[in-house]
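These notes concern the structure reproduced below.
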Amino acid sequence: MLTFALSKGRLADKILKMLKELNLCDLTIDDEDRRLILTTGNYTFFLAKPSDVPTFVDNGVADIGVVGKDTILEENRDITEVLDLGFGKCRMCVCAKESDGDSYKYKSNLRVATKYPNIAKSYFDSVHQNCTIIKLNGSVELGPIVGLSDVIVDIVESGRTLKENGLAPVHTITELSARLIVNNASLKTKYDEISQIIKGFESIVKEK
Ligand code: PRP
4 MLTFALSKGR LADKILKMLK ELNLCDLTID DEDRRLILTT GNYTFFLAKP
54 SDVPTFVDNG VADIGVVGKD TILEENRDIT EVLDLGFGKC RMCVCAKESD
104 GDSYKYKSNL RVATKYPNIA KSYFDSVHQN CTIIKLNGSV ELGPIVGLSD
154 VIVDIVESGR TLKENGLAPV HTITELSARL IVNNASLKTK YDEISQIIKG
204 FESIVKEK
């Protein structure tokens, strides 16, 4: 028996499709379905909020999780990242008003609005720049526009949201994508079952 923590939506659908391709499980989730736990054959799936996936895996109630690298870095849980699934690619960037260019580098106490306070703090610590982090829960682009912050640290995928709001990426902190994470104890106690999943997913990722 293996338990997966997934985030509902595109990501969960993609993982179920991959398990189907490997002939390991034949489950689809209906958009109307409000159940949070689904069981079929040897697998149980929790449908969690993305930022909670590492919590379920760290605590051992889920053996495996699928989550963005941004969440892994932000949550900093004691889990093992075993595979880059290669989809959901985007970047974590410092972004500023187009007209400001990279002048943020020379500010002595930079105001940074972000949904990712830990990632932002550790980045500015690593470059020895003092900053004040302002936590927002969404629409982070508003920060520099309304004068709440000098820059934002946020996910950039197509770059459209930035462009349409007069902002631009000025530094890439890290590349991001969906990752497979595993509970450290499960990796030992359920080694064969988990290896089968990792190898199967690896073969699908390589084909694409
Ligand atoms: C994310 C991110 C950016 C946007 C980037 O926001 O925070 O705002 O997507 O995508 P793009 O580069 O393709 O435009 P999300 O959709 O999660 O909404 P949010 O503003 O509520 O965080």
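As numbered in the working numbering, residues 4 to 211 make up the sequence shown, in order.
All C-beta atoms in this analysis are idealised placements derived from N, C-alpha and C, irrespective of residue type, glycine included.
- Message: Does Val56 come out as helix, strand or coil in the three-state DSSP assignment?
- Response: Indexing the sequence shown from 1 puts residue 56 at position 53. It is helical.
- Message: Using CA atoms only, rank isn't needed, just tell me which of Cys134, Phe7, Thr164, Arg94 is closest to Val115.
- Response: Mapped onto the sequence shown, residue 115 falls at position 112. Minimum Cα distance to Val115 is reached at Cys134.
- Task: Kindly examine the ligand PRP and report whether one of its heavy atoms sits closer than 6 Å to the Cβ of Glu77.
- Result: Along the sequence shown, one-based indexing puts residue 77 at 74. The answer is no for Glu77.
- Can you tell me where the beta strand (DSSP E) with Phe49 in it begins and where it stops? Indexing the sequence shown from 1 puts residue 49 at position 46. Segment 46-51, the beta strand (DSSP E) holding Phe49.
- Return yes when at least one heavy atom of the ligand SAH lies under 6 Å from the C-beta of Gly104, else no. Questions concerning the ligand SAH fall outside what the structure shown contains, since the ligands it does hold are the ligand PRP.
- Item | Residues near Leu76 by beta carbon distance below 6 Å, same chain, minus five either side | Walking along the sequence shown from the start, residue 76 turns up at place 73. Ile122, listed in sequence order.
- The beta strand (DSSP E) spanning Met4 covers which residue range? Here residue 4 corresponds to residue number 1 of the sequence shown, with the count starting at 1. It is not in any beta strand (DSSP E) - Met4 carries neither H nor E in the DSSP assignment.
- Query: Taking DSSP as the reference, what is the three-state secondary structure of Gly89?
  - Reply: Walking along the sequence shown from the start, residue 89 turns up at place 86. DSSP places Gly89 in coil when its eight states are reduced to three.
- Which residue or residues does DSSP assign as beta-bridge partners of Asp157? Translated into the one-based positions of the sequence shown, residue 157 becomes position 154. DSSP output for Asp157 lists Cys96 as bridge partner(s).
- Query: Roughly how many angstroms separate the alpha carbons of Thr83 and Leu183, rounded to a whole number?
  - Reply: For the purposes of this step, residue 83 is taken as residue 80 along the sequence shown, with counting starting at 1. For the purposes of this step, residue 183 is taken as residue 180 along the sequence shown, with counting starting at 1. The alpha-carbon atoms of Thr83 and Leu183 are separated by roughly 9 Å.
- Message: For the ligand PRP, I want to know if Ile122 counts as a neighbour, meaning its beta carbon is within less than 6 Å of at least one of the ligand's heavy atoms.
- Response: Stepping through the sequence shown from its first residue, residue 122 is reached at position 119. It does not: the Cβ of Ile122 is nowhere closer than 6 Å to a heavy atom of the ligand PRP.
- Query: From Val156 to Val208, what does the alpha carbon distance come to, in whole angstroms?
  - Reply: Position 153 of the sequence shown, counted from the first residue, corresponds to residue 156. Position 205 of the sequence shown, counted from the first residue, corresponds to residue 208. Rounded to whole angstroms, Val156 to Val208 spans 29 Å at the Cα level.
- Message: Checking 7 Å against the spacing of the C-beta atoms, do Ile137 and Ser152 come in under that value?
- Response: Start at 1 with the first residue of the sequence shown, and residue 137 comes out as number 134. Start at 1 with the first residue of the sequence shown, and residue 152 comes out as number 149. Going by C-beta atoms, Ile137 is nearer than 7 Å to Ser152.
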